[in-house]
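> Residue numbers (numbering that gives the first Met the number 0), protein chains in the order written: chain A, 0 to 571; chain B, 0 to 396. Yeah, the Cβ is synthetic: ideal placement off N, Cα and C, and Gly gets one too. One structure, as structure tokens, below. Some questions next.
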Amino acid sequence: MRYASHARENPYRSMMIVTIAAFLILVAKLVELQILKGDYYRELSSRNHIRSVFRPAARGLITDRYGVVLADNYPSFTVSLVSVEFDTANTDLLGNLLQIDPLVLSERLAAAESNPYRSTQLVNGLSVEDAGRIADNLYRLGGVSVDVQPRRRYPYGSTFCHLVGYVGLTDSTGVFEGEITGRTGLERILNPALSGKHGVVREVVDAHGRVVERFQGSEVEPVPGESVRLTVDTRLQLAADSLIASTGNPGAAVVLNYETGEILTLSSVPGFDTNLFIGGISAENWSNILNNPSKPLLNRSWANAVPPGSVFKIVSAAWLLESGIVNESTMPDPCYGVFYLGGSRFKCWTSHGRISIVSALAQSCDTYFYRTSMQGDLDDMAEFARGFGLGAPVTDILPGEASGTLPTRELLNQLYGQGGWGLGNLMIASIGQGEVLATPLQIAVTSAIIASGGDMPGLLLVYGDAPSDRTWNTDLSEATLGIVRQGMLRAVTSPSGTLYSALGSLPVTVYGKSGTAENSSGEDHAWITGYLTEPEPLAFAVFIENGGHGGAIAGPVAAGLILKIVELYHED
Amino acid sequence: MKINERTDWLFLISLFLLLVSGLFCIYSASGTQKSLFTHQVLFVLAGILLFMAASSFPLRIIEESVPAVYGVTLILLVLTILFGGGPAGRWLQLGPLNIQASEIAKFCVIVLTARWLPALKKKSVSGGVTPYLLSVGLLVALTLLQPDLGTAAAIVMIIFGMIYWAGFGFNWIFLFLSPLFAALSSMNYIAWLIFMAILCTILYRSGARPRRWVFFLIMTSVIAAVTPSTWGLLHPYQQARLTTFLNPEADPFGAGWNVIQSKVAVGAGGITGQGFLRGSQNELAFLPARHTDFVFSVWAEEWGFAGGVFLLFMYAVLAWRMFSGARRSLNPFNSMVGAGTAVFIVIHVIVNVGMTLGIMPVTGLPLPLITYGGSHLLVEMLLLGLSYNVILNWRSY
């Protein structure tokens with residue numbers, strides 16, 4: 000018996016019917032293309048005048064935590080040219096209408112000729128009036144077209160210049176002329192989400208380059224980019240900027256919420272106006288930014304690691320306590336304002352006498368740390384400091400985040416050779432000098448770890464993203480945390496504390512630590528870090544480059560920032 | 000292969016004409032790279048030898064070595080995923096040879112289905128349909144991971160053709176396809192209701208036992224519930240990446256453009272064509288992938304409507320001879336191989352030619368016997384050889 004006749008239905012017949020029907024559909028399509036529309040396609044193929052016009056997608060918005068717009072788009076007009084369809088006799092007319100230098104125009108026309116069938120942008124960023132003038136004369140200008148494109152705008156250009164960054168034209172590998180991409184900052188990092196997907200229209204054009212029809216069924220609508228909401232608070236960032244600017248020095252300020260890991264402020268002063276970069280920055284503006292002695296391109300809040308000085312004592316104090324070298328009641332030999340080891344002289348900024356670790360933190364006694372840290376181990380301290388977010392980036396999203404440095408045997412051997420360094424390197428590392436380098440963001444994280452006991456989640460900058468991986472120690476003992484917190488509180492509340500005059504009279508409880516960091520670039524760097532429990536669980540760091548004594552210059556900035564926090568968050 | 004009174008001249012002549020037309024196409028499409036043509040001539044000669052061998056090889060041995068074929072295919076697919084190269088990462092380099100494992104998967108799935116389905120029909124297999132579904136599912140999944148959505152889809156269609164041939168009827172095909180339908184219909188409330196109504200009707204009419212009701216209802220509901228939320232969790236650019244990953248040809252800026260140029264080329268061919276080596280779209284290199292995916296448009300531009308219909312007619316004759324040979328065959332395995340090969344050829348022609356005419360999605364499926372390349376040509380010649388064997392030896396059981 001034939002196998003196939005087992006079937007309930009007759010598979011042979013249905014298979015043949017389906018096959019023939021499908022083939023007849025193909026034949027019908029051949030009839031349509033080759034017989035009914037044959038002449039049309041033959042005409043098209045003889046000239047191949049199908050033109051692709053790309054339609055850029057609207058880039059996603061960037062807003063702060065409250066929806067304040069940090070980057071958006073507005074319509075801007077461009078004039079483009081398809082070279083093969085342009086009659087060069089019209090060059091003067093086009094030049095007059097565009098009001099550009101004939102030399103510049105001929106240069107751009109030559110550039111357009113290198114890609115004769117594609118639309119090449121001649122001028123962009125035109126106002127409605129200028130674009131209108133061209134549009135009125137399009138009938139005389141074959142091959143020229145006026146398009147509207149979304150153009151990027153940064154309402155707080157200089158405030159968020161490092162964080163948000165800016166867009167620019169893509170390199171020559173771009174899909175179409177005038178395509179933009181994120182060049183720096185989050186515009187670059189988040190480009191895949193922000194940029195969306197461009198659309199395209201295929202047009203059939205006549206010999207004069209005028210659009211005869213759109214090629215049916217081939218349009219691709221642009222997909223707008225996604226909008227991104229950041230955790231930053233524009234009001235706080237603006238306040239931080241102006242507070243730092245009022246010192247006359249460059250600097251940085253960071254504020255983060257140690258219960259949620261959200262970053263509220265990443266201020267770096269001075270900045271530059273990112274709007275200048277859109278569509279290409281002028282040579283004059285660029286050289287102004289480049290030659291500014293306070294280096295506005297340098298991002299001081301997370302991309303520049305500097306000596307932290309005494310703010311590092313938060314970390315070394317925790318290390319001394321956790322490794323059992325000292326306890327709350329340990330009183331090493333007194334501080335006489337200077338300490339000798341071998342032939343070397345290590346100074347303290349005043350004579351503190353015989354004090355405990357709480358006072359050593361509050362009064363920032365270097366000698367206490369010299370005398371105690373020399374009983375510890377260099378690699379051990381570096382490893383411990385790593386648990387405070389130092390020595391490695393603390394986020395995985397910020398572009399160009401500096402790692403900072405922690406001295407280890409390996410590093411010192413590299414720098415000075417075996418035996419070229421000694422106990423002194425450990426001693427000065429314990430007060431945040433020597434090889435220790437950190438960013439203001441990392442210093443704010445150290446305070447946040449003390450405040451939260453290491454429970455702070457990974458840092459968050461973009462809502463909807465996964466937080467960055469936590470790099471820090473989460474099992475510090477309650478005793479250690481209590482002592483360090485006490486030291487930071489006494490620095491502010493005790494009349495002998497280093498921050499008493501700067502922060503002592505604020506309406507909220509502040510835990511703080513000042514720092515005055517010697518460095519190779521001149522005057523000492525001024526530092527303050529600390530945290531608040533009310534009105535919000537916020538940790539902060541203020542850094543004033545070459546600002547001299549920590550409390551004196553950074554103090555008013557920190558005080559102003561805390562007052563702003565109280566004002567902004569008191570009610571919410 | 001003995002030439003005697005049983006020789007199926009229609010089959011052999013249409014096969015021969017298709018191979019020769021293919022060489023014309025490749026010669027024309029290879030432009031200045033005439034080495035492509037030389038390679039293709041060698042592939043065709045190798046294919047003819049393979050065809051002759053397969054047409055006289057005992058089919059019973061093929062049937063018995065299905066497990067071995069399956070094992071080798073799995074290994075090749077996995078190796079390609081791990082070490083694959085080439086433009087889409089689908090080629091496996093073995094010494095001087097570039098093998099496309101997904102082509103071999105097509106052969107494997109045909110002989111695998113041919114061996115298991117007739118046995119299943121008799122309900123004498125322990126474990127029922129599950130082992131077969133799992134082994135075929137693994138093949139399809141590995142093909143998807145090549146990544147090769149087009150081939151995976153073609154394999155699924157071939158399987159359904161063969162299920163139908165085995166006499167399972169449309170109900171079975173619907174039940175097999177129900178996970179896919181559930182996922183697709185879940186995007187629209189009304190579509191999902193319609194799907195569920197059809198599913199219940201079919202389960203009721205086929206007199207399904209409670210266990211089967213529960214299985215299908217739960218399985219499709221879970222799939223329908225999970226699909227939209229999973230898809231919605233992805234960012235649009237991630238969705239785009241996923242679809243581009245599975246089907247690289249779907250890029251509207253690359254492939255969409257290709258289809259337009261292909262339609263222009265086909266249309267410009269007119270009734271009689273522009274003549275051999277005179278197709279301007281092809282010769283001026285406007286046509287993309289013209290010796291591979293879009294080879295039909297080269298042919299249609301040069302030989303016009305007459306040439307296009309001629310090719311389709313040859314394919315139809317080939318399919319007809321195979322279907323009728325499969326119908327006559329007394330041996331279930333042989334019959335399934337013949338029908339599976341016919342379905343294979345028909346689906347490839349529809350998808351590939353449909354793509355060049357702009358009525359099918361853009362995939363990398365080759366035009367059988369014509370598209371440049373050794374892997375698919377040898378697999379096709381092997382399958383056609385077996386089919387011819389089935390036609391000659393229909394009496395054997």
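Which of the three DSSP states is assigned to ASP464(A) in this structure?
Locating residue 464(A) in the first sequence gives position 465, counting from the first residue. Reduced to three states, the DSSP call for ASP464(A) is coil.
> Going by CA-CA distance only, name the one from MET373(A), LEU93(A) and GLY457(A) that's closest to LEU422(A).
Residue 422(A) sits at position 423 when you count from the first residue of the first sequence. Closest by alpha carbon: MET373(A).
> List, in chain order, every chain B residue whose beta-carbon is nearer than 7 Å to that of PHE22(A).
Start at 1 with the first residue of the first sequence, and residue 22(A) comes out as number 23. In chain order: LEU311 and ALA315.
> Write down the C-beta distance between MET397(B) and SER386(B) rounded to the nearest angstrom, noting that I regard them as a contact closer than 8 Å.
Here chain B has residues from 0 to 396 only, and residue 397(B) is not among them.
> Find the nearest neighbour of SER75(A) within the set VAL507(A), SER118(A) and VAL127(A), judged by alpha-carbon distance.
Working through the first sequence from its first residue, we reach residue 75(A) at position 76. Considering only alpha carbons, the answer is VAL127(A).
> Name the chain B residues whose beta carbon is nearer than 7 Å to that of VAL26(A)?
In the first sequence, residue 26(A) corresponds to position 27, counting from 1. VAL308 and LEU311, listed in chain order.
> Whole angstroms is fine: what's the gap from LEU320(A)'s alpha carbon to GLU178(A)'s?
Position 321 of the first sequence, counting from 1, holds the residue named residue 320(A). Position 179 of the first sequence, counting from 1, holds the residue named residue 178(A). So the two alpha carbons sit approximately 57 Å from each other.
> Using Cβ-Cβ distances below 8 Å, what residues of the region 350–362 of chain B are close to chain A?
Those would be VAL352, GLY353, LEU356, GLY357 and ILE358, in chain order.
> Would HIS290(B) and ALA100(B) qualify as a contact pair, given that the criterion is a beta-carbon distance under 7 Å?
One-based indexing of the second sequence puts residue 290(B) at position 291. One-based indexing of the second sequence puts residue 100(B) at position 101. No, the Cβ-Cβ distance between HIS290(B) and ALA100(B) is not below 7 Å.
> Decide yes or no for the touch test of the region 365–385 of chain B against the region 17–25 of chain B: beta carbon pairs closer than 8 Å, at least 3 of them.
Yes: at least three Cβ pairs fall under 8 Å.
> Report yes or no: is there a C-beta of chain B within less than 7 Å of the C-beta of TYR462(A)?
Counting from one through the first sequence, the residue named residue 462(A) turns up at place 463. Judged by the 7 Å Cβ criterion, TYR462(A) is not in contact with chain B.
> Straight-line CA distance for VAL10(A) to ARG326(B)?
Sequence index remark: in the first sequence, residue 10(A) carries index 11 (1-based). Sequence index remark: in the second sequence, residue 326(B) carries index 327 (1-based). Contrary to the premise, residue 10(A) reads as Pro rather than Val in this sequence. Each residue's alpha carbon lies about 9 Å from the other.
> So, at 6 Å on beta carbons, what are the nonlocal neighbours of GLU535(A) in its own chain, with the 5 sequence-adjacent residues on each side left out?
Locating residue 535(A) in the first sequence gives position 536, where the first residue counts as 1. Cβ within range, chain order: TYR568.
> Taking only the alpha-carbon atoms, compute the straight-line gap between SER261(B) and ALA27(A) and give it to the nearest angstrom.
As a first step, residue 261(B) must be located in the second sequence, where it is residue number 262. As a first step, residue 27(A) must be located in the first sequence, where it is residue number 28. So the alpha carbons of these two residues sit roughly 17 Å apart.
> Give the straight-line distance between the Cα atoms of ASN472(A) and LEU96(B), rounded to the nearest whole angstrom.
As a working note, residue 472(A) is residue 473 in the first sequence. As a working note, residue 96(B) is residue 97 in the second sequence. Each residue's alpha carbon lies about 54 Å from the other.
> Is it a yes or a no for the region 410–428 of chain A touching the region 271–289 of chain A, going by three-plus beta-carbon pairs under 8 Å?
No, the region 410–428 of chain A is not in contact with the region 271–289 of chain A.
> Could you tell me which of GLY164(A), HIS197(A) and SER519(A) sits nearest to ARG182(A), measuring between CA atoms?
Translated into positions along the first sequence, residue 182(A) becomes position 183. Ranking the options by Cα distance to ARG182(A), first place goes to GLY164(A).
> For VAL40(B), is the classification buried or exposed, using 16 other Cβ atoms within 10 angstroms of its Cβ as the cut-off for buried?
By 1-based counting over the second sequence, the position of residue 40(B) is 41. So VAL40(B) ends up on the exposed side.
> Using a 10 Å radius around the Cβ and a threshold of 16 neighbouring Cβ atoms, would you call TRP8(B) buried or exposed?
Translated into positions along the second sequence, residue 8(B) becomes position 9. So TRP8(B) counts as exposed.
> My parser needs the beta strand (DSSP E) runs of 3 or more residues fully inside the region 324–399 of chain A; what are they?
You should have 337–340 and 343–346.
> Can you tell me which of the three DSSP states VAL444(A) falls into?
Position 445 of the first sequence, counting from 1, holds the residue named residue 444(A). Three-state DSSP puts VAL444(A) in a helix.
> Measure from the C-beta of TRP400(B) to each C-beta in chain A and report whether the shortest distance is under 7 Å.
For chain B, the structure presents residues 0 to 396; residue 400(B) sits outside this window and is missing.
> For the beta strand (DSSP E) containing GLN99(B), name the first residue and the last one.
Along the second sequence, one-based indexing puts residue 99(B) at 100. It spans 96–99 - the beta strand (DSSP E) in which GLN99(B) sits, taken as one unbroken run.
> Could you spell out the range, first to last residue, of the beta strand (DSSP E) harbouring ASN518(A)?
Position 519 of the first sequence, counting from 1, holds the residue named residue 518(A). ASN518(A) -> beta strand (DSSP E) spans 509–518.
> Rank LEU102(A), LEU92(A), ASN291(A) and ALA70(A) by C-alpha distance to the C-alpha of GLY141(A) and give the top, closest one.
As a first step, residue 141(A) must be located in the first sequence, where it is residue number 142. Nearest C-alpha to GLY141(A): LEU92(A).
> Indicate whether the contact test is met: 3 or more Cβ pairs, each with one atom in the region 451–463 of chain A and one in the region 266–280 of chain A, closer than 8 Å.
Flag = no, the region 451–463 of chain A and the region 266–280 of chain A do not touch.
> If contacts are defined as beta-carbon pairs under 8 Å, then SER451(A) and GLU258(A) qualify, I think. What distance do you get, rounded to the angstrom?
The count along the first sequence starts at 1 and reaches residue 451(A) at position 452. The count along the first sequence starts at 1 and reaches residue 258(A) at position 259. Indeed, because the Cβ distance is near 7 Å, the residues count as touching under 8 Å.
> Say whether chain A places a C-beta atom closer than 7 Å to the C-beta of ALA190(B).
For the purposes of this step, residue 190(B) is taken as the residue at position 191 of the second sequence. No, ALA190(B) lies away from the interface with chain A (no Cβ there is under 7 Å from its Cβ).
> Using the C-alpha atoms, what's the distance from ALA361(A) back to ALA540(A)?
Working through the first sequence from its first residue, we reach residue 540(A) at position 541. Working through the first sequence from its first residue, we reach residue 361(A) at position 362. So the alpha carbons of these two residues sit roughly 17 Å apart.
> Taking Cβ positions, are THR404(A) and LEU436(A) nearer each other than 7 Å?
Here the question's residue 404(A) lines up with position 405 in the first sequence. Here the question's residue 436(A) lines up with position 437 in the first sequence. In contact: THR404(A) and LEU436(A) (Cβ atoms closer than 7 Å).
> Check whether the region 349–359 of chain A and the region 486–495 of chain A are in contact - that is, three or more C-beta pairs closer than 8 Å.
Cβ pair count under 8 Å is three or more, so yes.
> Here's the rule: buried if 16 or more other CB atoms are within 10 angstroms of the residue's CB, otherwise exposed. What is ALA206(A)?
As a working note, residue 206(A) is residue 207 in the first sequence. In this predicted model, ALA206(A) has a pLDDT of only 46, less than 50, meaning its place in the structure is not dependable enough to derive any value.
> Give the interface partners of PHE322(B) over in chain A, defined as CB-CB distance under 7 Å, in chain order.
Position 323 of the second sequence holds residue 322(B). Going along chain A in sequence order, the residues near PHE322(B) (Cβ under 7 Å) are TYR11, MET14 and MET15.
> From what residue to what residue does the beta strand (DSSP E) around GLN37(B) run?
By 1-based counting over the second sequence, the position of residue 37(B) is 38. According to the sequence displayed, residue 37(B) carries Thr and not Gln. Run containing THR37(B): none in the beta strand (DSSP E); it sits in the alpha helix (DSSP H), 33–55.
> Kindly say whether GLY136(B), judged by its beta-carbon, lies nearer than 7 Å to any beta-carbon of chain A.
As a working mapping, residue 136(B) is identified with position 137 in the second sequence. No, no contact with chain A.
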